[in-house]
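Student: Residue 12 is where the sequence shown starts when you use the working numbering, and the numbers rise one by one after that. Backbone N, C-alpha and C define an ideal beta-carbon position, used for all residues, glycine too. Below is the structure I would like to discuss, written out as structure tokens.
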Amino acid sequence: MNTTYRQAWLISLVAALGGLLFGFDIAIFSGTIPFIQPHFQLDAAALGWIASSLYVGCMIGALITGWLTKRLGRKRPLIFAAVVFAVSSIMMGLAATSQSLIVWRILAGIGVGGASVLSPLYIAEVSPAAVRGRMVSINQLAIVIGILLAYTSNYLLAPLEGNWRWMFGSGAVPATLFFLGVFFIPESPRWLIRKGHAARGRKVLERLLPPGEVDREMMLISQQASNPVKSAPIQVLFAKGVLPLLVIGVTIAIFQQISGANAVLFYAPIIFEKAGMSISDQLFQQLLIGSVNLLFTLLAMQLVDRVGRKRLMLSGAGLMAFFLALIAYCFYQELFSGYLLSASVLAFIATYAATLAPVTWVLISEIFPAKVRELAVAVSSTMLWVACFALTYAFPVIVDRFSTAQTFLLFACICAVYFVFLWRFVPETKGRSLDEAG
Numbered sequence: 012m013n014t015t016y017r018q019a020w021l022i023s024l025v026a027a028l029g030g031l032l033f034g035f036d037i038a039i040f041s042g043t044i045p046f047i048q049p050h051f052q053l054d055a056a057a058l059g060w061i062a063s064s065l066y067v068g069c070m071i072g073a074l075i076t077g078w079l080t081k082r083l084g085r086k087r088p089l090i091f092a093a094v095v096f097a098v099s100s101i102m103m104g105l106a107a108t109s110q111s112l113i114v115w116r117i118l119a120g121i122g123v124g125g126a127s128v129l130s131p132l133y134i135a136e137v138s139p140a141a142v143r144g145r146m147v148s149i150n151q152l153a154i155v156i157g158i159l160l161a162y163t164s165n166y167l168l169a170p171l172e173g174n175w176r177w178m179f180g181s182g183a184v185p186a187t188l189f190f191l192g193v194f195f196i197p198e199s200p201r202w203l204i205r206k207g208h209a210a211r212g213r214k215v216l217e218r219l220l221p222p223g224e225v226d227r228e229m230m231l232i233s234q235q236a237s238n239p240v241k242s243a244p245i246q247v248l249f250a251k252g253v254l255p256l257l258v259i260g261v262t263i264a265i266f267q268q269i270s271g272a273n274a275v276l277f278y279a280p281i282i283f284e285k286a287g288m289s290i291s292d293q294l295f296q297q298l299l300i301g302s303v304n305l306l307f308t309l310l311a312m313q314l315v316d317r318v319g320r321k322r323l324m325l326s327g328a329g330l331m332a333f334f335l336a337l338i339a340y341c342f343y344q345e346l347f348s349g350y351l352l353s354a355s356v357l358a359f360i361a362t363y364a365a366t367l368a369p370v371t372w373v374l375i376s377e378i379f380p381a382k383v384r385e386l387a388v389a390v391s392s393t394m395l396w397v398a399c400f401a402l403t404y405a406f407p408v409i410v411d412r413f414s415t416a417q418t419f420l421l422f423a424c425i426c427a428v429y430f431v432f433l434w435r436f437v438p439e440t441k442g443r444s445l446d447e448a449g
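Next comes the structure, spelled out in structure tokens:
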């Protein structure tokens, strides 16, 4: 940790708990599947709807959070998100019917969607420019840690009576820590200064920056506040030079979700049940998946600026197609007794974590011209959530109606098509200024 910016690092770590809860909430459901499906007598479509209902809330949360942050700042919406996380976690654990579980999962999704906007936004606004990239990357790392914590919680709580209720309810613990922590962090200095509270904003900057940097940062923020960037009208997205880039942005967002990785991350128990594993073994495999996901996310943070965006994405799509085909082969030949299936699944997730998972977000943030970047990124991100909802809903139905081998072969074909798309149409953005994009 850079001691010059110690306060900024500590504040960013607290805010990143929002990302951790984001990861925890999207992953906790997977461990409950072997228990809630017989408890509520769910068919494949009903299971898919309960799983995907979270993403209905995500879309709502992302939309209302943008409105709230403009009016209330960053800190109060963070507190609201923490409360939503805690309450929804407890109520999901107490759900008496599948319908009430859906309601509380939608509410949880509002917290997830809010956190997906709030935590990186807040961290970026309290981060000194010299370390902003590393600080913002904390949020992505926190999401992956949250996923691993959810898998760990599921594995440890599985032997308990009423296990799935404890699994859902366990989310209240990190949510409470987040709630308490937010009271000790300041409001965003940029929001304060833009709202005319310059003295309060300066006090915050004095906590975040060395004395010699405060005046310069105050001047830059004040200049931006006096010359706000006008929002681009939506028609600009259909301009001749912008529309092809928007198609690329939306396509890479959708392909990240339908590549098959989220099917493994969210539905590993169903997949390993098809291989004849016990519930305990299913949850242990998921724990391994979460550990590999974290390890290779750390690797990705080192590679993305060295190797380049396009090369990482191409290698990712190609290797993922290969490992998916290998998984399909294992199911087709029923090769369940050795380690080939587990190794193939772990290699597939490792490839995703080091390539498509983080680099998609980098590309989306870099390919658009500055004048339309905010709007184009919002459209691309919205389509990512829509694709995530569609995949989460459809996967149990697809794997129920077709063989597991056919399902993974379909994902392999999707990744192969994506490889060709990346090779033909996606530009390299490594080393380019954001002002050079487009």
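Out of Val137, Gly34, Val315, which one is the CA nearest neighbour of Asn273?
Tutor: Against the sequence shown, residue 273 aligns to sequence position 262. Cα-wise, what sits closest to Asn273 is Gly34.
Student: Taking only runs of the beta strand (DSSP E) that begin and end inside the stretch 167–251, which ones reach a length of at least 3 residues, in chain order?
Tutor: Taking only runs of at least 3 residues, no beta strand (DSSP E) segment lies wholly in the stretch 167–251.
Student: Expressed to the nearest angstrom, what Euclidean distance is found between the alpha-carbon atoms of Ala356 and Arg201?
Tutor: Mapped onto the sequence shown, residue 356 falls at position 345. Mapped onto the sequence shown, residue 201 falls at position 190. Checking the displayed sequence, the identity of residue 356 turns out to be Val instead of Ala. Each residue's Cα considered, the two are about 44 Å apart.
Student: Tell me which residues share the same chain as Ile44 and place their Cβ nearer than 6 Å to its Cβ, disregarding the 5 neighbours each side in the sequence.
Tutor: As a working mapping, residue 44 is identified with position 33 in the sequence shown. Answer for Ile44: Pro280, listed in chain order.
Student: Where do the N-terminal and C-terminal ends of the alpha helix (DSSP H) with Met331 fall, by residue?
Tutor: The residue given as residue 331 occupies position 320 in the sequence shown. Looking at the DSSP string, the run of the alpha helix (DSSP H) that includes Met331 is 320–344.
Student: Mapping the DSSP letters down to three states, classify Gln313 as helix, strand or coil.
Tutor: As a first step, residue 313 must be located in the sequence shown, where it is residue number 302. Of the three classes helix, strand and coil, the one that applies to Gln313 here is helix, per DSSP.
Student: Does the stretch 114–121 come close enough to the stretch 87–103 that 3 or more CB-CB pairs lie under 8 Å?
Tutor: The stretch 87–103 is in contact with the stretch 114–121.
Student: If you count every other CB in all the chains shown that lies within 10 Å of the CB of Arg435, and 16 or more means buried, which is it?
Tutor: Numbered from its first residue, the sequence shown carries residue 435 at position 424. Exposed, by the Cβ-count rule.
Student: For Tyr278 and Gln151, what's the separation of their Cα atoms in angstroms?
Tutor: On the sequence shown, position 267 is the one that residue 278 refers to. On the sequence shown, position 140 is the one that residue 151 refers to. Computed Cα separation, rounded: 21 Å.
Student: Indicate the three-state DSSP secondary structure (helix, strand or coil) for Gly349 in the structure shown.
Tutor: Numbered from 1 along the sequence shown, position 338 holds the residue referred to as residue 349. In this structure, Gly349 counts as coil in the three-state DSSP scheme.
Student: What do you reckon, are the CB atoms on Cys341 and Leu352 nearer than 8 Å?
Tutor: Mapped onto the sequence shown, residue 341 falls at position 330. Mapped onto the sequence shown, residue 352 falls at position 341. Yes, these two residues count as a Cβ contact at 8 Å.
Student: Check for me: the alpha helix (DSSP H) holding Thr415 runs from which residue to which?
Tutor: One-based indexing of the sequence shown puts residue 415 at position 404. Start and end: 415–436.
Student: Is it buried or exposed for Trp78, if we count other Cβ within 10 angstroms and need 16 for buried?
Tutor: As a first step, residue 78 is located in the sequence shown; it is residue number 67 there, counting from the start. Trp78 should be labelled exposed.
Student: If you run the structure through DSSP and keep just helix, strand and coil, what is Gly84?
Tutor: The sequence position of residue 84 within the sequence shown is 73, counting from 1. The answer is coil: DSSP assigns Gly84 none of H, G, I, E or B.
Student: Under 6 Å Cβ to Cβ from Val390, same chain only, skipping five residues before and after it: list those, please.
Tutor: Indexing the sequence shown from 1 puts residue 390 at position 379. Excluding positions up to five away in sequence, the list is empty.
Student: With distance defined between alpha-carbon atoms, name the residue in Gln267, Ile338, Gly84 nearest to Val128.
Tutor: The residue labelled residue 128 in the question sits at position 117 within the sequence shown. That would be Gly84, whose Cα lies nearest to the Cα of Val128.
Student: Give a yes or no on whether the C-beta atoms belonging to Leu367 and Met324 are separated by under 8 Å.
Tutor: Sequence index remark: in the sequence shown, residue 367 carries index 356 (1-based). Sequence index remark: in the sequence shown, residue 324 carries index 313 (1-based). Cβ distance < 8 Å, so Leu367 and Met324 count as in contact.
Student: Could you pull the start and end residues of the alpha helix (DSSP H) that Glu439 belongs to?
Tutor: Here the question's residue 439 lines up with position 428 in the sequence shown. Taken as a continuous stretch (DSSP letters only), Glu439 belongs to no alpha helix (DSSP H), as it is neither H nor E.
Student: Measuring alpha carbon to alpha carbon, tell me which residue in Ile90, Met146, Leu53, Phe406 is nearest Leu219.
Tutor: Position 208 of the sequence shown, counted from the start, is the residue given in the question as residue 219. When only C-alpha atoms are compared, the closest one is Met146.
Student: Start and end of the alpha helix (DSSP H) containing Lys382?
Tutor: Indexing the sequence shown from 1 puts residue 382 at position 371. Segment: none, Lys382 is in no alpha helix (DSSP H) and carries neither H nor E.
Student: Using only alpha-carbon positions, find the residue among Ala26, Ile47, Ala186, Cys426 that is nearest to Lys11.
Tutor: The question about residue 11 has no answer here: the residues shown for the chain are numbered 12 through 449.
Student: To the nearest angstrom, how far is it from the Cα of Glu136 to the Cα of Ala387?
Tutor: To locate residue 136, count along the sequence shown from 1; it is residue 125. To locate residue 387, count along the sequence shown from 1; it is residue 376. Distance between the alpha carbons of Glu136 and Ala387: 21 Å.
Student: Let me check understanding here. Comparing Cα to Cα, which of Leu159, Gln296, Glu377 lies closest to Asp316?
Tutor: The count along the sequence shown starts at 1 and reaches residue 316 at position 305. Comparing Cα-Cα distances from Asp316 to each of Leu159, Gln296, Glu377, the minimum goes to Glu377.
Student: Can you find a heavy atom of the ligand NAD that lies under 7 Å from the Cβ of Ile113?
Tutor: The model depicted lacks the ligand NAD and carries no ligand whatsoever.
Student: State the DSSP-derived secondary structure class of Leu445, mapped to helix, strand or coil.
Tutor: Along the sequence shown, one-based indexing puts residue 445 at 434. Any answer about Leu445 is weak, because its pLDDT of 43 lies below 50 and its placement is not dependable; what the coordinates show is given next. Leu445: helix per DSSP, three-state reduction.
Student: Who are the Cβ neighbours of Phe406 in its own chain at under 6 Å, not counting the five residues just before and after it?
Tutor: Within the sequence shown, residue 406 is the residue found at index 395, counting from 1. Taken in chain order, the residues that qualify are Ala274, Tyr278.
Student: How is the alpha helix (DSSP H) around Ile263 delimited, first residue to last?
Tutor: To locate residue 263, count along the sequence shown from 1; it is residue 252. Here the alpha helix (DSSP H) through Ile263 covers 254–269.
Student: Hey, would you say Leu305 sits closer than 8 Å to Phe189, going by beta carbons?
Tutor: Counted from its first residue, the sequence shown places residue 305 at position 294. Counted from its first residue, the sequence shown places residue 189 at position 178. Contact: no.
Student: Could you tell me whether the Cβ atoms of Ala210 and Leu335 are closer together than 8 Å?
Tutor: As a working note, residue 210 is residue 199 in the sequence shown. As a working note, residue 335 is residue 324 in the sequence shown. No. Outside cutoff.
Student: Work out the CA separation of Val318 and Gln297 for me, nearest whole Å.
Tutor: Along the sequence shown, read from residue 1 onward, the residue named residue 297 stands at position 286. Along the sequence shown, read from residue 1 onward, the residue named residue 318 stands at position 307. For Gln297 and Val318, the distance between alpha carbons rounds to 29 Å.
Student: Go ahead and pull the three-state DSSP assignment for Gly287.
Tutor: By one-based count along the sequence shown, residue 287 stands at place 276. Gly287: coil per DSSP, three-state reduction.
Student: Skipping 5 residues on each side, what residues in its chain have a beta carbon closer than 6 Å to that of Ala364?
Tutor: Within the sequence shown, numbered from 1, the residue matching residue 364 stands at position 353. Counting only Cβ-Cβ distances below 6 Å, and skipping sequence neighbours, we find Asn304, Phe307, Thr308.
Student: Does DSSP put Leu276 in a helix, in a strand, or in coil?
Tutor: In the sequence shown, counting from the first residue as 1, residue 276 sits at position 265. Leu276 falls in the helix class under three-state DSSP.
Student: So Gly59 and Tyr404 are supposed to be a Cβ contact under 8 Å. How far apart are they, rounded?
Tutor: As a position in the sequence shown, residue 59 is number 48, starting the count at 1. As a position in the sequence shown, residue 404 is number 393, starting the count at 1. So it is a contact: roughly 4 Å between Cβ atoms.
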